[in-house]
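Trainee: Position 601 of the sequence shown, counted from 1, bears residue number 721 in our numbering, the numbering being contiguous throughout. Here it is, the structure in full.
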Amino acid sequence: MIAAWTVAVDIGGTFTDLAAWRHESNEIKRAKVLTVPDEPVRGVIAAIEKAGIELRDTSMFLHGSTVAINAVLQGTGARTALLTTRGFRDVLEMGRKNRPDMYNLFFKAPPCPVAREDRFEVDERLSADGAVIKEIEEEELRAIVAALPAEIQAVAICFIHAYANPGHERRAADVVRDARPDVYTCISTELSGEAREYERTCTAVANAYVGPLVATYVAELAAYLERSGSSAPLLITQSNGGVMTSDVAVRQPVRTMESGPAAGVTGAAWLGRTLQLNDLIAFDMGGTSAKACVVQHGEPEAAAEYYVGGRQNGLPVQVPFLDIVEVGAGGGSIAYVDAGRALKVGPRSAGSVPGPAAYGLGGTEPTITDANIVVGRITPEYFLGGEMRLRMDLARSAVGKLAAALGMELESCALGVIQVANAIMAGAIRAVTVERGRDPRDFTLVAYGGAGPLHATALAAELGIPRVLIPAGPGTHGAFGMLVTEIRHDQARTVHRRLDAFAEAEMGSMFAGLEEEAATYVGSELTVDIAPRPDFVRRLDLRYVGQFHPLTLTLPTACDGLHARIPDLFHAAHLERYGHNAPVEPIEVTAIRVTSVLKIAKPETSGISRMRPPSSVHQRSRRVMFDDGSWHTCRVSRRHELVSGQSLRGPAIVEDADTNIVLGPTDKAEVVPGGHLMITVGGTAA
Numbered sequence: 121m122i123a124a125w126t127v128a129v130d131i132g133g134t135f136t137d138l139a140a141w142r143h144e145s146n147e148i149k150r151a152k153v154l155t156v157p158d159e160p161v162r163g164v165i166a167a168i169e170k171a172g173i174e175l176r177d178t179s180m181f182l183h184g185s186t187v188a189i190n191a192v193l194q195g196t197g198a199r200t201a202l203l204t205t206r207g208f209r210d211v212l213e214m215g216r217k218n219r220p221d222m223y224n225l226f227f228k229a230p231p232c233p234v235a236r237e238d239r240f241e242v243d244e245r246l247s248a249d250g251a252v253i254k255e256i257e258e259e260e261l262r263a264i265v266a267a268l269p270a271e272i273q274a275v276a277i278c279f280i281h282a283y284a285n286p287g288h289e290r291r292a293a294d295v296v297r298d299a300r301p302d303v304y305t306c307i308s309t310e311l312s313g314e315a316r317e318y319e320r321t322c323t324a325v326a327n328a329y330v331g332p333l334v335a336t337y338v339a340e341l342a343a344y345l346e347r348s349g350s351s352a353p354l355l356i357t358q359s360n361g362g363v364m365t366s367d368v369a370v371r372q373p374v375r376t377m378e379s380g381p382a383a384g385v386t387g388a389a390w391l392g393r394t395l396q397l398n399d400l401i402a403f404d405m406g407g408t409s410a411k412a413c414v415v416q417h418g419e420p421e422a423a424a425e426y427y428v429g430g431r432q433n434g435l436p437v438q439v440p441f442l443d444i445v446e447v448g449a450g451g452g453s454i455a456y457v458d459a460g461r462a463l464k465v466g467p468r469s470a471g472s473v474p475g476p477a478a479y480g481l482g483g484t485e486p487t488i489t490d491a492n493i494v495v496g497r498i499t500p501e502y503f504l505g506g507e508m509r510l511r512m513d514l515a516r517s518a519v520g521k522l523a524a525a526l527g528m529e530l531e532s533c534a535l536g537v538i539q540v541a542n543a544i545m546a547g548a549i550r551a552v553t554v555e556r557g558r559d560p561r562d563f564t565l566v567a568y569g570g571a572g573p574l575h576a577t578a579l580a581a582e583l584g585i586p587r588v589l590i591p592a593g594p595g596t597h598g599a600f601g602m603l604v605t606e607i608r609h610d611q612a613r614t615v616h617r618r619l620d621a622f623a624e625a626e627m628g629s630m631f632a633g634l635e636e637e638a639a640t641y642v643g644s645e646l647t648v649d650i651a652p653r654p655d656f657v658r659r660l661d662l663r664y665v666g667q668f669h670p671l672t673l674t675l676p677t678a679c680d681g682l683h684a685r686i687p688d689l690f691h692a693a694h695l696e697r698y699g700h701n702a703p704v705e706p707i708e709v710t711a712i713r714v715t716s717v718l719k720i721a722k723p724e725t726s727g728i729s730r731m732r733p734p735s736s737v738h739q740r741s742r743r744v745m746f747d748d749g750s751w752h753t754c755r756v757s758r759r760h761e762l763v764s765g766q767s768l769r770g771p772a773i774v775e776d777a778d779t780n781i782v783l784g785p786t787d788k789a790e791v792v793p794g795g796h797l798m799i800t801v802g803g804t805a806a
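So this is what it looks like as structure tokens:
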């Protein structure tokens, strides 16, 4: 019988990770290779070859990549034109007139993503309820399309109030596609059914900007899979933590901006549920950046708003994202001395090429990885399980130049680099906890990524987090997260109604309509390892009358008298989020939301618990510098030699195939079911 594999590949800035699940035996395979920035498909091929998997034996291929977000960050997307309602040509430049750094006297607005000469007005108009005020004229549209510069590669269409009536946008798209079939075309209402013309315009523009690149990349990957004999469906990870079919990804690539990080959070939430841990902080530190996201009550937190490219200079988009805060502190982040002679780390990264100095690929600038080697936390001869040997001499040379510039000793400078990086990453964790009204001491830190376990216990100690959970295969956990996700699609509609005037039957009818729309996106035509029909999650955006920002409330399923209970549920949610509520105030609904979820087959575990120790155990020790500047002789263990239930006491280093795990002098750890490592920080439970 041919083995059926589900394969997941996640492309990061430095490494490309693979996790694969064999259905019959529940075997998990993992692989990690350097990313090929200019040809990311080559990294995918290398990971598959390293894992030794025949693609003709796969039943499903899941994929997350940085193609879309890199195009935004590097400014390499398509030249895009915008068609919009007459009088709204400059919406993109006007924005909301908010300055993210209000006291910066030298603030400069970021360049508009669409040049003014590429923004075209159409003489049409709809009212807020969707009624036609001015019909769209196809002759005018044809003239506008004929005037588009030949260099235009993509067209975004966004008309005022189209969320209430998408007819004009659809007609405009038909004209563009008929006249310019070579141009990638998208409409705002296929991406968002919500009000706020600026955010909806940004969503359409961001989608068009990355559309041609993503379409080309997905086509190349699909062609490779076909050449390899695979007939497995290709599913792409979304920023909401789910996956979607490749054809939806080509039409709506804006949903893939944070695909890899979101998959890691999904994996952390799944792991928490298997270990009965409902409140987690997912912490992912890779080679380029570090990310943090809260999982509360077993579910990842969704973002109220998201800026593609960062809050300072990014575009606000109206598609669902997990509430992930990202900072430029990864293993390859470069340390330097700024103009004021202060030590800084990141966000500039050495990437995979040339990489940290210790890689021996031509890099000369000191990175966080080099600093960890100097203080003894990374084993140079066991990097990637011994497949890649790092150069201690090159790491010391790179950090030594930085130390000389600062007038510091080599090891003290390396420790300083680590401490600055930890301060940056602690800020990201505070942003999703303390700044959201949550106490980090109530959570377990789930640390993964190639560098996450190196820094996890120090971060937990600084923030008072009592426990750290290191998953099995932490360096490829993002790819594993794809194996335990679902096919998802989110639909939303703007509704401005007082809750007490919103009849239960009318609300139910609107939800049913959205469910019918959402079901068409979740790949129900697929038949392999997929449930026959989707489930639906219903949500309401609610606020007290007079408030500006709503709170999204997930409605319980199969609950008698639910409609009458909505006010009490909202008051309780408002109290939990903000620390206060106003039960006597009237409530209004601003949007209704539906998520369709199509379940796919998934593994029962992410690792294997060894019940007996191997015949020979690797034991040795070395000196390691810790955050207080003291050196300790640490026992060094190999993770694959640990057995279920085994305990460890710090100071210690656990060498994993794709990372190292650092236990501080007062930490203790236990191998829990599934081969995961639970660390009690400071040696005491919370």
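We treat Cβ as the ideally placed atom computed from N, Cα and C, and that holds for glycine.
Please report the Cβ distance between PRO353 and THR336, rounded to the nearest whole angstrom; I am assuming they are in contact, meaning their Cβ atoms lie under 8 Å.
Mentor: PRO353 to THR336, Cβ: 20 Å. No contact.
Trainee: Go ahead and pull the three-state DSSP assignment for THR394.
Mentor: Helix.
Trainee: Helix, strand or coil for GLU419 per DSSP?
Mentor: Residue state, collapsed to three classes: strand.
Trainee: Among GLY430, LEU463, ILE173 and VAL437, which has the Cα closest to the Cα of VAL447?
Mentor: Checked all of GLY430, LEU463, ILE173 and VAL437; the closest Cα to VAL447 is GLY430.
Trainee: Under the three-state reduction of DSSP, which class applies to THR800: helix, strand or coil?
Mentor: THR800: strand per DSSP, three-state reduction.
Trainee: Less than 8 Å between the C-beta atoms of ILE272 and ALA292, yes or no?
Mentor: The answer is no: Cβ separation not under 8 Å.
Trainee: In terms of alpha-carbon separation, which member of VAL363, ARG162 and GLY387 lies closest to PRO343?
Mentor: In the sequence on display, residue 343 carries Ala and not Pro. Of the listed residues, the one whose Cα sits closest to ALA343 is ARG162.
Trainee: Since VAL295 and ARG262 should fall inside the 8 Å C-beta cutoff, what is the C-beta to C-beta distance between them, to a whole number of angstroms?
Mentor: Going by Cβ atoms, the distance from VAL295 to ARG262 rounds to 6 Å, so yes, they are a contact pair.
Trainee: When you compare each of LEU154, VAL156, HIS183 and THR672 to ALA139 by their alpha carbons, which one comes out closest?
Mentor: Taking only the C-alpha atoms, the option nearest ALA139 is HIS183.
Trainee: Verify whether the separation of the beta carbon atoms of VAL709 and LEU619 is less than 8 Å.
Mentor: Yes. Within cutoff.
Trainee: Does the distance from the CB of THR204 to the CB of VAL242 come in under 8 Å?
Mentor: It is a contact, given that the beta carbons lie within the stated cut-off.
Trainee: To the nearest angstrom, how far is it from the Cα of ALA288 to the Cα of ASP610?
Mentor: Strictly speaking, residue 288 in this sequence is His, with Ala absent from that position. Those two C-alpha atoms are separated by around 23 Å.
Trainee: Measure the CB-CB distance between GLY802 and THR786 and report whether it falls below 8 Å.
Mentor: Yes; because the gap between Cβ atoms is below 8 Å, this pair is in contact.
Trainee: Do you know how far the Cα of PHE181 is from the Cα of GLU645?
Mentor: Residue placement at GLU645 is flagged as unreliable, the pLDDT there being 48, under the threshold of 50; a coordinate-derived value is accordingly withheld.
Trainee: Rounded to a whole number of angstroms, what is the C-alpha to C-alpha distance between ARG608 and ALA324?
Mentor: Approximately 20 Å, taken between the alpha carbons.
Trainee: Who are the near neighbours of ARG617 in its chain, counting only those whose CB is closer than 7 Å to its CB and skipping five residues on each side?
Mentor: So the list reads GLU708 and VAL709, once near-sequence residues are dropped.
Trainee: Within 10 Å of its beta-carbon, does MET121 have 16 or more other beta-carbons around it, so buried, or fewer, so exposed?
Mentor: Caution is warranted here: a pLDDT of 42 is assigned to MET121, below 50, making its placement in the model unreliable, and no coordinate value can be reported.
Trainee: Based on Cα-Cα distance, which residue from ARG659, GLU260 and GLY598 lies nearest to LEU682?
Mentor: Of the listed residues, the one whose Cα sits closest to LEU682 is ARG659.
Trainee: Where does the unbroken alpha helix (DSSP H) through LYS521 begin, and where does it stop?
Mentor: 512-526 is the extent of the alpha helix (DSSP H) around LYS521.
Trainee: When you compare only the Cα positions, how much space is there between VAL457 and THR489?
Mentor: Whole-angstrom Cα-Cα distance: 17 Å.
Trainee: List in chain order: all unbroken alpha helix (DSSP H) runs of 4+ residues lying wholly within the region 713-788.
Mentor: Counting whole runs of 4 or more residues, the region 713-788 contains no alpha helix (DSSP H) stretch at all.
Trainee: Hey, PHE441 and SER312 are a contact pair by Cβ (cut 8 Å); roughly how many whole angstroms apart?
Mentor: Between SER312 and PHE441 the Cβ distance is about 13 Å, and since that is not below 8 Å, they are no contact.
Trainee: Is ILE256 close to chain C, meaning its C-beta is less than 8 Å from at least one C-beta of that chain?
Mentor: Here there is only one protein chain, and chain C is not present.
Trainee: Out of curiosity, what's the CA-to-CA distance linking GLY452 and GLY480?
Mentor: One C-alpha to the other measures close to 13 Å.
Trainee: For LEU154, tell me which candidate among ALA625, ALA167, TYR502 and GLU147 has the shortest Cα-Cα distance.
Mentor: Taking only the C-alpha atoms, the option nearest LEU154 is ALA167.
Trainee: Is the separation between the beta-carbon of ILE773 and that of VAL792 shorter than 8 Å?
Mentor: No; because the gap between Cβ atoms is not below 8 Å, this pair is not in contact.
Trainee: Put LYS464 into one of helix, strand or coil per three-state DSSP.
Mentor: Here LYS464 sits in strand by DSSP.
Trainee: How big is the Cα-Cα spacing for ARG507 and GLY520?
Mentor: One detail in the question is off: residue 507 reads as Glu in this sequence, not Arg. Going by the C-alpha atoms only, they are around 26 Å apart.
Trainee: How would you write the range of the alpha helix (DSSP H) that VAL363 sits in, first residue to last?
Mentor: Run containing VAL363: none in the alpha helix (DSSP H); it sits in the beta strand (DSSP E), 363-365.
Trainee: Give me, in chain order, the residues of the same chain whose beta-carbon lies closer than 8 Å to that of ILE712; leave out the 5 immediate sequence neighbours on both sides.
Mentor: Here the set comprises ALA612, ARG613, VAL615, MET627, MET630, PHE631, LEU634, ARG658, ARG659, LEU660 and ASP661.
Trainee: Alpha carbon to alpha carbon, what distance is there between ILE307 and GLU555?
Mentor: When rounded, the distance between both Cα atoms is 35 Å.
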